[in-house]
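Chemist:
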DNA sequence: CACTAGTGCAA
DNA sequence: TATTGCACTAGTG
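Residue numbers (the numbering used here): 469 to 907.
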């Protein structure tokens with residue numbers, strides 16, 4: 469079998485129009501694992517960085533690949549990144565290539581209909597807002613909107629940004645009873661967002677030959693090991709609101725097939741349970757409990773049956789906060805409580821889940837010592853900034869030190885699952901349709 | 001046309 | 001002053 473060597477091989481497969489098997493080395497993926505925060509892993513950058521060439525002849529790019537490979541594979545070995553490169557990132561190349569080539573079928577007629585519906589409702593809301601404001605202005609301009617709300621209508625203003633008072637959703641939520649215009653603006657914002665970002669944008673990205681969107685899945689797009697998606701971003705299609713769910717219905721299956729969706733449940737909290745070895749967390753998951761309800765019961769000291777929606781949502785915010793590297797201010801903002809109250813929630817959490825606290829402290833300690841953190845599978849993120857003398861900077865990187873191993877381990881596990889599923893499809897052990905519709 | 005700020009969608 | 005992204009609009013240069 470031929471050996472394959474290249475940079476951004478996943479991208480090049482589209483030009484070659486073929487899948488890839490056998491011995492593969494991708495210098496861009498190797499560079500990404502060594503430096504996951506970098507945006508660009510193109511050949512010219514790597515030649516400059518690893519071969520110390522300040523000028524080179526583009527026609528001879530290929531000649532630089534072999535020396536680059538030698539250097540990079542040595543570094544990968546020395547950094548303990550072999551498993552992640554050879555068992556995760558490289559096997560994922562054909563998986564992501566196939567996903568891109570395959571694409572997802574879009575019901576354009578449905579989106580046109582939805583666009584017309586949203587257009588009518590947006591126009592109506594717009595007129596009602598101008599009427600209530602007593603003036604016409606550009607509703608999509610935060611600057612103009614803040615003038616109307618906080619100067620003309622004299623509503624109480626809150627957060628200030630660099631350029632003026634914020635008109636963000638959380639600010640407007642708090643003003644919803646102050647003036648009838650506020651609710652209308654929130655409704656307008658929701659519909660305008662959905663229409664401009666999804667309903668009207670997605671049809672323009674549908675390939676006329678295939679009737680599908682062929683999203684790019686960027687394997688080097690994040691600092692933690694996740695994949696990112698663009699043109700369109702299929703990783704942020706709405707689901708939370710009822711209006712948003714209408715957009716998901718535009719993604720449809722081929723006739724005679726089902727579109728299935730597979731996801732791990734609470735994967736990041738499960739990883740936290742594993743990494744911390746906190747017995748209470750482990751047993752909660754082993755018993756299949758509602759983890760947020762259980763957390764609420766623990767930290768607020770009430771029986772599980774008495775946990776209401778408010779307590780559960782607060783506990784859920786605490787659980788998310790733990791994964792993000794919690795701060796009392798951050799928690800207070802998302803739960804609309806004072807930082808002092810948030811502090812009590814956090815203290816209570818750590819009192820009831822002491823191994824989680826130990827894990828966090830140990831992780832930060834190690835990060836300071838080694839200047840990197842790593843996932844369960846060895847993926848690394850370097851964070852020398854954790855030594856910063858600026859407390860804000862330091863705190864920010866301490867949160868990164870907590871979050872990166874958790875988010876990154878989840879990414880590793882999901883990628884391994886994608887590779888296994890792809891193998892099953894390739895081996896035709898399933899009834900999954902495994903030929904892109906345009907070939 | 002490139003860039004930033006503000007905003008908001010998802011995991 | 002909570003992690004990771006992408007993309008839209010307004011506004012500036």
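Note that CB positions come from ideal geometry on N, CA and C, so glycine has one too.
Could you check whether residue 872 and residue 688 sit closer than 7 Å to each other, using their CB atoms as the reference points?
Modeler: As a first step, residue 688 must be located in the first chain, where it is residue number 220. As a first step, residue 872 must be located in the first chain, where it is residue number 404. Contact: no.
Chemist: Tell me, please, which residues DSSP counts as bridged to residue 493.
Modeler: Counting from one through the first chain, the residue named residue 493 turns up at place 25. In the DSSP output, where bridge partners are listed per residue, residue 493 has 473.
Chemist: DSSP has residue 686 in a bridge; who is on the other side?
Modeler: Locating residue 686 in the first chain gives position 218, where the first residue counts as 1. Paired residue(s): 696.
Chemist: Less than 6 Å between C-beta atoms, sequence neighbours within five positions excluded: which residues of the same chain meet that for residue 477?
Modeler: In the first chain, residue 477 corresponds to position 9, counting from 1. Result list for residue 477: 494 and 561, in chain order.
Chemist: Report the rounded CA-to-CA distance for residue 552 versus residue 844, giving the unit in angstroms.
Modeler: For the purposes of this step, residue 552 is identified with residue 84 of the first chain, where counting begins at 1. For the purposes of this step, residue 844 is identified with residue 376 of the first chain, where counting begins at 1. Roughly 10 Å separates the two Cα atoms.
Chemist: For residue 604, which of helix, strand or coil comes out of DSSP?
Modeler: Taking the first chain and counting its residues from 1, one reaches residue 604 at position 136. Reduced to three states, the DSSP call for residue 604 is coil.
Chemist: Extract the residue ranges of the alpha helix (DSSP H) inside the segment 750-794, only unbroken runs of 4 or more that lie entirely within it.
Modeler: Fully enclosed alpha helix (DSSP H) runs of 4 or longer: 759-768 and 777-792.
Chemist: Should residue 740 be labelled buried (16 or more other beta-carbon atoms within 10 Å of its own) or exposed?
Modeler: The residue given as residue 740 occupies position 272 in the first chain. Buried: at least 16 other Cβ atoms inside 10 Å.
Chemist: Enumerated in chain order, which unbroken segments of the beta strand (DSSP E) with a length of 3 residues or greater are wholly contained in the segment 693-751?
Modeler: Whole beta strand (DSSP E) segments, 3+ residues: 696-698.
Chemist: Count the other C-beta atoms from every protein chain shown that fall within 10 angstroms of the C-beta of residue 496, then say buried if there are 16 or more, exposed otherwise.
Modeler: Numbered from its first residue, the first chain carries residue 496 at position 28. By the 10 Å Cβ count, residue 496 comes out buried.
Chemist: Excluding sequence positions up to five away, which residues of its chain have a Cβ less than 7 Å from the Cβ of residue 662?
Modeler: If you number the first chain from 1, residue 662 lands on position 194. Around residue 662: 586, 706, 711, 712 and 715.
Chemist: For the structure I just gave you, are there three or more beta carbon pairs, one from the segment 501-519 and one from the segment 527-535, closer than 8 Å?
Modeler: As far as the Cβ criterion goes, the segment 501-519 touches the segment 527-535, which means the pair count is three or higher.
Chemist: Quick check on the DSSP output: the alpha helix (DSSP H) that includes residue 803 runs from which residue to which?
Modeler: The sequence position of residue 803 within the first chain is 335, counting from 1. That run of the alpha helix (DSSP H) goes 796-803.
Chemist: Of the choices 695, 700 and 682, whose alpha-carbon is the least far from that of residue 669?
Modeler: Numbered from 1 along the first chain, position 201 holds the residue referred to as residue 669. Residue 669 has its Cα closest to that of 700, out of 695, 700 and 682.
Chemist: On the DSSP bridge assignment, give the partners of residue 674 in chain order.
Modeler: Taking the first chain and counting its residues from 1, one reaches residue 674 at position 206. According to DSSP, which records beta bridges pairwise, residue 674 is partnered with 681.
Chemist: Pop quiz: residue 568 and residue 683 are said to be a contact at Cβ under 8 Å. What is the actual Cβ separation, rounded to whole angstroms?
Modeler: Here residue 568 refers to the residue found at position 100 when the first chain is read from its first residue. Here residue 683 refers to the residue found at position 215 when the first chain is read from its first residue. With a Cβ gap of about 7 Å, residue 568 and residue 683 count as contacting.
Chemist: Going by DSSP in three states, residue 574 sits in which element: helix, strand or coil?
Modeler: Here residue 574 refers to the residue found at position 106 when the first chain is read from its first residue. Strand.
Chemist: On the criterion of 16 or more Cβ atoms from any shown chain inside 10 Å, does residue 525 qualify as buried, or is it exposed?
Modeler: On the first chain, residue 525 is found 57 positions in, with the first residue counted as 1. Exposed is the call here.
Chemist: Have a look at the DSSP bridge pairing and note the partners of residue 849.
Modeler: Taking the first residue of the first chain as 1, we reach residue 849 at position 381. DSSP, once it has assigned bridges, lists 841 as partnering residue 849.
Chemist: Which parts of the segment 532-602 are runs of the alpha helix (DSSP H), unbroken and 4 residues or longer, counting only runs that do not cross its ends?
Modeler: Counting whole runs of 4 or more residues, the segment 532-602 contains the alpha helix (DSSP H) stretches 558-570 and 576-601.
Chemist: Can you tell me which of 775, 589 and 746 puts its alpha carbon nearest to the alpha carbon of residue 760?
Modeler: Taking the first chain and counting its residues from 1, one reaches residue 760 at position 292. The shortest Cα separation from residue 760 among 775, 589 and 746 belongs to 775.
Chemist: Look at the Cβ atom of residue 632, then the Cβ atom of residue 614, and state whether they are nearer than 7 Å.
Modeler: Reading the first chain from its first residue, position 164 is the one you call residue 632. Reading the first chain from its first residue, position 146 is the one you call residue 614. For residue 632 and residue 614, yes; Cβs fall inside 7 Å.
Chemist: Which value, in whole angstroms, describes the spacing of the CA atoms of residue 907 and residue 554?
Modeler: The residue labelled residue 907 in the question sits at position 439 within the first chain. The residue labelled residue 554 in the question sits at position 86 within the first chain. Since pLDDT at residue 907 reaches only 43, below the 50 mark, its modelled position is unreliable, and no value is offered.
Chemist: Helix, strand or coil for residue 901 per DSSP?
Modeler: Reading the first chain from its first residue, position 433 is the one you call residue 901. In the structure shown, residue 901 sits in coil (DSSP, three-state: anything other than H, G, I, E or B).
Chemist: Alpha carbon to alpha carbon, what distance is there between residue 612 and residue 634?
Modeler: Locating residue 634 in the first chain gives position 166, counting from the first residue. Locating residue 612 in the first chain gives position 144, counting from the first residue. Roughly 11 Å separates the two Cα atoms.
Chemist: Ends of the alpha helix (DSSP H) at residue 650?
Modeler: For the purposes of this step, residue 650 is taken as the residue at position 182 of the first chain. Here the alpha helix (DSSP H) through residue 650 covers 648-662.
Chemist: Please tell me whether residue 583 and residue 667 are closer than 7 Å, where the distance is taken between their beta carbons.
Modeler: As a working mapping, residue 583 is identified with position 115 in the first chain. As a working mapping, residue 667 is identified with position 199 in the first chain. Cβ distance < 7 Å, so residue 583 and residue 667 count as in contact.
Chemist: Check whether the segment 844-856 and the segment 786-800 are in contact - that is, three or more C-beta pairs closer than 8 Å.
Modeler: No, they do not touch.
Chemist: Just tell me which of 498, 516, 491 and 900 has its CA closest to the CA of residue 729.
Modeler: Numbered from 1 along the first chain, position 261 holds the residue referred to as residue 729. Checking every option, the nearest Cα to that of residue 729 belongs to 900.
Chemist: Considering only residues of the same chain and omitting the five flanking positions on each side of residue 624, which have a CB-CB separation below 6 Å?
Modeler: As a working mapping, residue 624 is identified with position 156 in the first chain. Excluding positions up to five away in sequence, the list is empty.
Chemist: Would you say the segment 833-844 touches the segment 651-658, given that touching needs at least three Cβ pairs under 8 Å?
Modeler: Output reads no: the segment 651-658 does not touch the segment 833-844.
Chemist: On a CA-only basis, which of 505, 887, 543 and 504 is nearest residue 518? Give me that one, please.
Modeler: Position 50 of the first chain, counting from 1, holds the residue named residue 518. That would be 543, whose Cα lies nearest to the Cα of residue 518.
Chemist: So is residue 486 buried or exposed if we call it buried at 16+ other beta carbons inside 10 Å?
Modeler: Stepping through the first chain from its first residue, residue 486 is reached at position 18. Exposed.
Chemist: Mind checking which residues open and close the alpha helix (DSSP H) that includes residue 518?
Modeler: Taking the first chain and counting its residues from 1, one reaches residue 518 at position 50. Here the alpha helix (DSSP H) through residue 518 covers 511-518.
Chemist: Which same chain residues end up closer than 6 Å to residue 877 when comparing Cβ atoms and leaving out the 5 residues on each side of it in sequence?
Modeler: Locating residue 877 in the first chain gives position 409, counting from the first residue. Counting only Cβ-Cβ distances below 6 Å, and skipping sequence neighbours, we find 739, 843 and 844.
Chemist: Shortest alpha-carbon distance to residue 834 belongs to which of 818, 866, 859 and 823?
Modeler: Taking the first chain and counting its residues from 1, the one referred to as residue 834 is at position 366. Ranking the options by Cα distance to residue 834, first place goes to 866.
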